[in-house]
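Undergrad: I'd like to ask you about the structure that follows.
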Amino acid sequence: MVSSLNMHKQYLDPILRHRSHNPNSLLQILIGAQEIYGFIHSDAIDYLSSALGLPRAMIEGVASFYSFLYLSPHGEYRVLFSDNITDRMQGNQDLMQSLCNQLWVEPGKASEDGLLWVNTTSCTGMCDQGPAMLVNNIAINRLTQDRIDRICELIREHVPVSDWPAEFFAIEDNIRRRDILLNSHFQAGSALKAAFIRAEAATAQASQGYVAHMIDPAGLDRAADATLQEIKISKLRGRGGAGFSTGMKWEFCRNANGDAHYVVCNADEGEPGTFKDRVLLNSYADLVFEGMTLCAYVIGAKKGFLYLRGEYRYLLEPLQAVLQRRREQNLLGRGILGQAEFEFDIEIHLGAGAYICGEESALIESLEGKRGTPRNRPPYPVTAGYLNQPTVVSNVETFASTSLISLHGGAWYASIGTENSSGSKLFSVSGDCDYPGIYEYPFGVTVAQVLADCGAKNTQAVQISGPSGMCIAAHEFDRRISFDDIPTAGAFMVFDQRRDMFEVARNFVHFFAHESCGFCTPCRVGTALLSNMMDKLNEGQGSPYDLAEIEKLDSLLQSMSHCGLGRTACNPVLHTLAKFRPAYECRLSHKEFVPAFDLDTALSQARRMTGRDDAGAHLEKNHDSK
Amino acid sequence: MTQSNSFILDGATIPYTNEQTIIQAAMAAGVYIPHLCYNPEFKPHGSCKLCTVKIKGRQVASCTEKPQAGMVVESNTKELNDERRNLLQMLFVEGNHFCPSCEKSGDCQLQATAYELDMMSPHFDHFYPDRPVDASHPDYLLDFNRCILCSICVSASRDVDGKNVFALAGRGINSHLVVNSKSGDLADTGFSANDKAAQVCPVGVILKKRVGFAIPIGERSFDEKPISATPHPTVKGA
Numbered sequence: 000m001v002s003s004l005n006m007h008k009q010y011l012d013p014i015l016r017h018r019s020h021n022p023n024s025l026l027q028i029l030i031g032a033q034e035i036y037g038f039i040h041s042d043a044i045d046y047l048s049s050a051l052g053l054p055r056a057m058i059e060g061v062a063s064f065y066s067f068l069y070l071s072p073h074g075e076y077r078v079l080f081s082d083n084i085t086d087r088m089q090g091n092q093d094l095m096q097s098l099c100n101q102l103w104v105e106p107g108k109a110s111e112d113g114l115l116w117v118n119t120t121s122c123t124g125m126c127d128q129g130p131a132m133l134v135n136n137i138a139i140n141r142l143t144q145d146r147i148d149r150i151c152e153l154i155r156e157h158v159p160v161s162d163w164p165a166e167f168f169a170i171e172d173n174i175r176r177r178d179i180l181l182n183s184h185f186q187a188g189s190a191l192k193a194a195f196i197r198a199e200a201a202t203a204q205a206s207q208g209y210v211a212h213m214i215d216p217a218g219l220d221r222a223a224d225a226t227l228q229e230i231k232i233s234k235l236r237g238r239g240g241a242g243f244s245t246g247m248k249w250e251f252c253r254n255a256n257g258d259a260h261y262v263v264c265n266a267d268e269g270e271p272g273t274f275k276d277r278v279l280l281n282s283y284a285d286l287v288f289e290g291m292t293l294c295a296y297v298i299g300a301k302k303g304f305l306y307l308r309g310e311y312r313y314l315l316e317p318l319q320a321v322l323q324r325r326r327e328q329n330l331l332g333r334g335i336l337g338q339a340e341f342e343f344d345i346e347i348h349l350g351a352g353a354y355i356c357g358e359e360s361a362l363i364e365s366l367e368g369k370r371g372t373p374r375n376r377p378p379y380p381v382t383a384g385y386l387n388q389p390t391v392v393s394n395v396e397t398f399a400s401t402s403l404i405s406l407h408g409g410a411w412y413a414s415i416g417t418e419n420s421s422g423s424k425l426f427s428v429s430g431d432c433d434y435p436g437i438y439e440y441p442f443g444v445t446v447a448q449v450l451a452d453c454g455a456k457n458t459q460a461v462q463i464s465g466p467s468g469m470c471i472a473a474h475e476f477d478r479r480i481s482f483d484d485i486p487t488a489g490a491f492m493v494f495d496q497r498r499d500m501f502e503v504a505r506n507f508v509h510f511f512a513h514e515s516c517g518f519c520t521p522c523r524v525g526t527a528l529l530s531n532m533m534d535k536l537n538e539g540q541g542s543p544y545d546l547a548e549i550e551k552l553d554s555l556l557q558s559m560s561h562c563g564l565g566r567t568a569c570n571p572v573l574h575t576l577a578k579f580r581p582a583y584e585c586r587l588s589h590k591e592f593v594p595a596f597d598l599d600t601a602l603s604q605a606r607r608m609t610g611r612d613d614a615g616a617h618l619e620k621n622h623d624s625k
Numbered sequence: 000m001t002q003s004n005s006f007i008l009d010g011a012t013i014p015y016t017n018e019q020t021i022i023q024a025a026m027a028a029g030v031y032i033p034h035l036c037y038n039p040e041f042k043p044h045g046s047c048k049l050c051t052v053k054i055k056g057r058q059v060a061s062c063t064e065k066p067q068a069g070m071v072v073e074s075n076t077k078e079l080n081d082e083r084r085n086l087l088q089m090l091f092v093e094g095n096h097f098c099p100s101c102e103k104s105g106d107c108q109l110q111a112t113a114y115e116l117d118m119m120s121p122h123f124d125h126f127y128p129d130r131p132v133d134a135s136h137p138d139y140l141l142d143f144n145r146c147i148l149c150s151i152c153v154s155a156s157r158d159v160d161g162k163n164v165f166a167l168a169g170r171g172i173n174s175h176l177v178v179n180s181k182s183g184d185l186a187d188t189g190f191s192a193n194d195k196a197a198q199v200c201p202v203g204v205i206l207k208k209r210v211g212f213a214i215p216i217g218e219r220s221f222d223e224k225p226i227s228a229t230p231h232p233t234v235k236g237a
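Residue numbers (numbering that gives the first Met the number 0), protein chains in the order written: chain X, 0 to 625; chain S, 0 to 237.
Rendered as C-alpha cells:
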C-alpha cells in the first residue's frame, strides 16, 4: 500500500508547493487534486491531512460540501447537464436521456466500466446559448441531438476532452446592446492614472491649506480619498443585487483597523439565468482588475482575490494571462505605475459548484478553504472578512464600474440612470426571445423596452434577478428596473404563453433545495419539504390543503432562515402563486388531503428487483385505473 | 427611561454585560428561551434557529445577537412559539426519532423542548433517511438517526478535547455528522469515554454502552422538571 500513498504524493506535492502548504488553500488544493486524479482518493485525504495539519474529517467535510468534488470514482468522463429552466425549455432532458441510453448509464450512477458518470447541475451560466453541459468541468454549449451523438462517440472511443472538436467549446459573448460600460474601449492603467492625478491635485490643494481637514498630504491612503470621493459622488450601488453603496462599503473598510485589508471580487455568478460576469471576465477583464486595484488603493490592501465559479473554469487561464500582462505593465505588483508605496496583486480562487458561496460571508469561508456556510453577522466583512481582516467584497460589474468612475468622474456617472440608481446595468437575457444575450441599459429602463429589444413575443412572464428575484406578469411590464422598483442582479428570463409557470417555480424550488448549505434548520429542511410538496402537486396528489401548507412554509422560511438563500427560496412560489394561481389550481386533482406516499409506487423497487411488471405485481386498484 | 445595560424581554427588564448575547443574559436572569444548538459552555452556533426572537419586527437568533440598552425583545409569543414548533417538527421528520424506544427519552433536549412547546405531531412528511448506527467503539455508540446537526460535539472535541473527532459533511438535506477516521468508524478515531464530546449531545446520538435505561423512565431530568425550569440541562445517564 506504500505505492498508493506514493502515487498520490507525486501529484499532490507540486500542488501543495504551489499553494505553499497553506491550509487556507484547502479547497484550491482539492480542486487541483481532482483535476489530475478524477476524484479525491481516501489516501490523498490522508496525505493532505498530514501535509496541511488538518483533521481528515474536516477535509472530508469540505470536499463533500462542493458539488463538483467527488470522494469516490466518478468515471473518466464526468458529464453534468445544466438544469436551469431555460435549459429545460431548450430540451436538455431529452438530450440527457439520449446520452444515457446510448452509453448505457443511469443519471447519478457511475457506469460499471468506470467510463462515465452523468447527472444534472445548477445553471452553468450559458442560458443564452444552451442547452449546456460541463464535461470534466469544461463548458460545452448549444447541445443538439447531433452534438450529443458525436459526444457519445468520443466518450466511447476514450478521446480525451482536450482533443474534442474546438467548436464544442466556443462560447459567444452575445452582446446585443452596449452603453457606457460595454462601449468603453478601456485602456489598461487609465483609471489608475486618473486616480493618481486626482490624488496629486488633492495633495497640492491640501498643501495650500484647502480641504486640509480631509487630506493628509503625507499619507498615500489619504490622498486616495479623492478617488473614494468620486465613488461616493457617483452613488454607485453594488451590482450583485443587494445594492449597498459602494463608496460607503469602501469607506467602512478603509476606516476599519486590521493587520491587513483585502479586496475580493465575487465572480461566483450562480444565480440561475445570470451570465453577465462571464462576458465581463471574458472581454472586459482589465476593467474588473483595475477596479479591484483602485479599491486596494483606496482601502490600503496589498492582496486581492477573484473568486471564480467552478462553472467558469475555462476562463481561468485567460484571466491568469491578463493578470500576468498587468504585472508586466506595472499595473500589479510593487510600486504600481511609479507609486512607490502602492503594492497590490490578485490571486484567482476557483469555486466548485456551490451557489451559496455567492453570499459574501460564505464566499470568504470558501476562500479560507472551508465549507461555504454563511457566517453569523455582524461583524460584516468590511470589518472582519478574509482571515477576520477588513475586506471589501464586491461584484464583478461593480468593480468594472468603478474603473469608469475613476476615469470620467463621479458626477458623470451619477448623471446616468435614475436618482437612486445611478449608472448602467447589464442584463442577462434568456428564454423565449429571438436575441438572447447581454443588454446594457441605463437604470430605469422598462421591462417592456427590454422585451421589445430582445424580440420577445406573446410574453407571459419575466423572471427578473433569477429565482431569488421577482416574477413579473404582463400587466406589470411598464415597471422600471431600478432599486426603487424592480431591483436586479441581472437575470432576465423570458417566458411566453406556452410555458407552464408552475414548472418554472418547481425548477427554482429544486434549485434552492439542492443549493441550501444545510446550516440552519428552516432552510435545510424547509427547502427539501417545499421541493417535495411541489413534486406532490406535480404528481397529481395535490389538494387545497397542500397549497395552504406551501404558503405556511414560505412564511416560516422567510422569517426564520439564517441568510438570503432561505429567505428568498420561497419567492418563486409566492410570486407565481399570486400571479399565476390557475397553474397551481389545475394540479389540485383532489378536494381532500391525499398523502404523498403512494403504495404502488413504493412497490416499484420490489418490481425492479424481481423483474416483474405484470398485473399481480401492482396493487389492484392502481392496475384497474390504468 | 430604561436603565443602561438592560433590555426588555417580554416586558421584563433583563440586565446584561457587554460580552453577553441575548440568550446568555436571559438565562443568567433565569428566563428560558427555547434552544437546542446553544450550550452555555461553547461559542454560540446559531444554526437551529429555535432561539429566534423578534426585535423591531426583525427576527434574529438570540444566541448570537447582542442586546442593546433599552432594546425591546419578544420571545414568548404565540407567533414565535408556533414557528419554533414548526422547526422542531422539521427536526423530527428530518431524522428518525422514536422516543418510546430511545434510551435518551426523558433526558433528550429535543423531546423536552417539543413537550415545552406543545408539539403534538410531526406534521410534515417524514424523510426516513438511511443512517446506519456506528457501534464500533468499545465504550460508546453513535446513533446518527437522532442527529440534529447542532455541532456541539464538533466544538467540544475540537475546542476542549483538542481531538477533532467530529465534523459536519455533505450539504443541504444531505448534511451529516462524520468522524475522523479513514474507516469512518468511531473505534478508529481518538475518541474516549473521558472526552467532553462524550457528554454534550443534547439528543441521543452519542451514547454510553451498557448503561442504557440505568435510570428508569419517569425519574430522568425532564421527567422531574420541564426544560424551561432546567436552565442547564444535564444528563443523568452519562
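Cβ coordinates follow ideal geometry from the N, Cα and C atoms, glycine included.
Would a C-beta distance cut-off of 9 Å place I21 of chain S and E64 of chain S closer than the cut-off?
TA: Yes, these two residues count as a Cβ contact at 9 Å.
Undergrad: Going by beta-carbon coordinates alone, are R523 of chain X and I172 of chain S separated by less than 9 Å?
TA: yes
Undergrad: Any idea if I14 of chain X is buried or exposed, counting beta-carbon neighbours within 10 angstroms, 16 or more meaning buried?
TA: It counts as buried.
Undergrad: Quick test of your reading: F341 of chain X and Y385 of chain X, contact by CB under 8 Å. State the CB separation rounded to the nearest angstrom.
TA: The Cβ separation is near 20 Å, so there is no contact.
Undergrad: In whole angstroms, give me the CA-to-CA distance for G517 of chain X and L148 of chain S.
TA: Taking the Cα positions, G517 of chain X is about 9 Å away from L148 of chain S.
Undergrad: Restricting to Cα atoms, I'd like to know which of X:G539, X:Q89, X:N506 is closest to A527 of chain X.
TA: X:N506
Undergrad: Determine the chain S residues that contact N136 of chain X at a beta-carbon separation under 9 Å, and present them in chain order.
TA: Ordered by position in chain S, no residue passes the 9 Å Cβ test against N136 of chain X, which lies about 18 Å from the chain.
Undergrad: In whole angstroms, what is the alpha-carbon distance linking P72 of chain X and L79 of chain X?
TA: P72 of chain X and L79 of chain X have their C-alpha atoms some 15 Å from each other.
Undergrad: Taking a contact to mean a Cβ-Cβ separation below 9 Å, would you say D267 of chain X touches G350 of chain X in this structure?
TA: Yes, the pair counts as a contact, with Cβ atoms nearer than the cut-off.
Undergrad: Which runs of the beta strand (DSSP E), 3 residues or longer, sit entirely within the segment 148–223 of chain X?
TA: 174–176
Undergrad: Looking at C-alpha atoms only, which residue of S:D184, S:P128, S:V178 is the closest neighbour of S135 of chain S?
TA: Of S:D184, S:P128, S:V178, the residue nearest in Cα terms is S:D184.
Undergrad: Of all Cβ atoms in chain X, is any one closer than 9 Å to the Cβ of P66 of chain S?
TA: Closer than 9 Å: no.
Undergrad: Could you give the residue range of the alpha helix (DSSP H) that holds A50 of chain X?
TA: A50 of chain X: member of the alpha helix (DSSP H) spanning 41–51, first to last residue.
Undergrad: Among X:V287, X:N281, X:A353, X:L293, which has the Cα closest to the Cα of E316 of chain X?
TA: X:N281
Undergrad: Going by DSSP in three states, K8 of chain X sits in which element: helix, strand or coil?
TA: helix
Undergrad: Take the Cβ of I214 of chain X as the centre, count every other Cβ of all protein chains shown within 10 Å, and call the residue buried at 16 or more, exposed below.
TA: Legend: pLDDT at I214 of chain X = 45, less than 50; position of this residue unreliable, value from coordinates given subsequently. With 16 or more Cβ atoms within 10 Å of its Cβ, I214 of chain X is classed as buried.
Undergrad: Looking at the C-beta of N144 of chain S, does it have a partner C-beta in chain X at a distance below 9 Å?
TA: no
Undergrad: If the criterion is Cβ atoms closer than 9 Å, does the pair S360 of chain X and R376 of chain X meet it?
TA: In terms of Cβ geometry, S360 of chain X and R376 of chain X form a close pair [threshold 9 Å].
Undergrad: Output the distance between the C-alpha atoms of F41 of chain S and D158 of chain S, rounded to the nearest integer angstrom.
TA: The alpha-carbon separation between F41 of chain S and D158 of chain S amounts to approximately 9 Å.
Undergrad: Who does F304 of chain X pair with in a DSSP beta bridge?
TA: X:V263, X:E346
Undergrad: Compare the C-alpha of A472 of chain X against each of X:A187, X:G246, X:D483, X:N457 and name the closest.
TA: Ranking X:A187, X:G246, X:D483, X:N457 by Cα distance to A472 of chain X puts X:N457 first.
Undergrad: Looking at the secondary structure, which residues open and close the alpha helix (DSSP H) in which Y114 of chain S lies?
TA: 108–115
Undergrad: Just verifying my parser: in three-state terms, what is the DSSP assignment at H474 of chain X?
TA: Residue state, collapsed to three classes: helix.
Undergrad: Using a C-beta to C-beta distance shorter than 9 Å, which residues of chain S count as neighbours of A32 of chain X?
TA: Chain S residues near A32 of chain X: none, gap ~17 Å exceeds 9 Å.
Undergrad: Using DSSP's beta-bridge definition, name the partner residues of Y139 of chain S.
TA: S:K207
Undergrad: Just curious, the alpha helix (DSSP H) that H513 of chain X is in, first and last residue?
TA: 500–514
Undergrad: Throw me the rounded Cβ distance for the C33 of chain X and L11 of chain X pair, which I believe falls under 8 Å.
TA: In the sequence under discussion, the amino acid at residue 33 of chain X is Gln, which differs from the Cys named in the question. Q33 of chain X to L11 of chain X, Cβ: 11 Å. No contact.
Undergrad: Shortest alpha-carbon distance to L176 of chain S belongs to which of S:V153, S:Q198, S:A192, S:D187?
TA: Ranked by how close their Cα comes to the Cα of L176 of chain S, the residues S:V153, S:Q198, S:A192, S:D187 have S:V153 in first place.
Undergrad: So, is M608 of chain X buried or exposed, given that buried needs 16 or more other C-beta atoms within 10 angstroms?
TA: exposed
Undergrad: Between A186 of chain S and I44 of chain X, what straight-line distance do the alpha-carbon atoms span, to the nearest angstrom?
TA: 19 Å
Undergrad: Counting only beta-carbon atoms, is Q110 of chain S nearer than 9 Å to chain X?
TA: no
Undergrad: Touching or not, the segment 387–405 of chain X and the segment 547–560 of chain X, by the rule of three or more beta carbon pairs under 8 Å?
TA: no
Undergrad: Here's the rule I'm using: 16 or more other beta-carbon atoms within 10 Å means buried, otherwise exposed. How should T226 of chain X be labelled?
TA: Burial is judged here by how many other beta carbons sit within 10 angstroms of a residue's own beta carbon; T226 of chain X has at least 16 and is buried.
Undergrad: By the 10 Å Cβ neighbour count, where 16 or more other Cβ atoms means buried, how is I35 of chain X classified, buried or exposed?
TA: When all chains shown are included, I35 of chain X counts as exposed.
Undergrad: Applying the 10 Å Cβ sphere with the 16-neighbour rule, what's the burial state of P130 of chain X?
TA: buried
Undergrad: Spatial neighbours of L219 of chain X within its chain, please: C-beta separation below 6 Å, excluding the five flanking residues on both sides.
TA: Per-residue confidence for L219 of chain X stands at a pLDDT of 46, beneath the threshold of 50, marking its modelled position as unreliable; the derived number appears in the next sentence. Around L219 of chain X: E340.
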